[in-house]
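Residue numbers (the UniProt record's numbering): 1 to 286.
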């Protein structure tokens, strides 16, 4: 029996999912967590480990996938009918560097435009900072010994010896989206997609290259699954033209099946897989 903790800042969705799973007689709890905050994640990991009857963590799935970019209709125009020059890109409205470059340039008569708002960094907070926190906390909690009675430790200990840190990454970390698919054009989004890939390599190398840990206290597998934007039930790339228009058709179920397969395959370690419309590709060497 698995004891699952859902840690996220989406309180309504997280609690709804928890209740749906509890109604199926599954052992699930939801912990509200600010993912980019280390203290908040540390509290969530602590509650998660204590939720297990043996006070251990065996599998951590860290979501480094990026939220989908806003639709074009939600983005402000690059020009304005106002007689005042448009200041350079407020970070919450125009995340693209291209928008900055095409905005009205600063002038001496409009000094405020010389002090633009900072560019957005939320993709880095979500994909990089949060995942770094998760990796450190996972490896910390993996080291806790099971709370077994001495009589059953030998028989049951093997079930808790192998740990697994599984990272979900944006598909953009390994493959650019088709031209008709909306993509994050902010520098933070581009850096985050590349950073998740580098972070996976760093964790894998730190644990012995292919997930084999030299430290006898922890034996952890490290794997990655790169997925498209599936926050809406079907990959956001699908709407680009349907099957006939080259749109990507990847459902949440497609991604979940790959994640479950990797999570349960004890022989899979140090592997990066990409879920695409054409199937699952091994991108470990990419």
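All C-beta atoms in this analysis are idealised placements derived from N, C-alpha and C, irrespective of residue type, glycine included.
Go ahead and pull the three-state DSSP assignment for residue i.
i, result
"residue 123", "helix"
"residue 91", "Confidence is the limiting factor: at residue 91 the pLDDT is only 38, short of 50, which leaves the residue's position unreliable, though a coordinate-based value still follows. Note: residue 91 maps to coil in three-state DSSP."
"residue 139", "helix"
"residue 53", "coil"
"residue 170", "strand"
"residue 61", "strand"
"residue 229", "coil"
"residue 17", "helix"
"residue 195", "helix"
"residue 187", "helix"
"residue 144", "coil"
Per DSSP, residue i forms a beta bridge with which residues?
i, result
"residue 24", "DSSP output for residue 24 lists no bridge partner at all."
"residue 32", "8"
"residue 115", "Its beta-bridge partners do not exist; DSSP assigns none."
"residue 99", "DSSP lists no partner for residue 99."
"residue 276", "279"
"residue 221", "164"
Would you mind giving the Cβ-Cβ distance between residue i and residue j, rounded to the nearest angstrom? I have them listed as a contact below 8 Å.
i, j, result
"residue 168", "residue 264", "Rounded, the Cβ-Cβ distance is 16 Å, inconsistent with contact."
"residue 220", "residue 164", "7 Å"
"residue 275", "residue 262", "Not quite, the Cβ-Cβ distance comes to about 11 Å (not below 8 Å), so this is no contact."
"residue 162", "residue 266", "6 Å"
"residue 194", "residue 173", "7 Å"
Expressed to the nearest angstrom, what Euclidean distance is found between the alpha-carbon atoms of residue i and residue j?
i, j, result
"residue 33", "residue 13", "13 Å"
"residue 256", "residue 20", "17 Å"
"residue 158", "residue 279", "Caution is warranted here: a pLDDT of 41 is assigned to residue 158, below 50, making its placement in the model unreliable, and the coordinate value is therefore given only provisionally. C-alpha separation (whole angstroms): 34 Å."
"residue 250", "residue 140", "34 Å"
"residue 52", "residue 25", "16 Å"
"residue 102", "residue 6", "42 Å"
"residue 166", "residue 41", "16 Å"
"residue 50", "residue 56", "7 Å"
"residue 277", "residue 284", "18 Å"
"residue 171", "residue 201", "16 Å"
"residue 4", "residue 286", "32 Å"
"residue 128", "residue 187", "14 Å"
"residue 300", "residue 146", "Nothing about residue 300 can be reported from this structure: the residues present for the chain run from 1 to 286 only."
"residue 17", "residue 282", "30 Å"
"residue 144", "residue 58", "10 Å"
"residue 223", "residue 115", "43 Å"
Decide yes or no for the touch test of the region 123–137 against the region 33–49: beta carbon pairs closer than 8 Å, at least 3 of them.
yes
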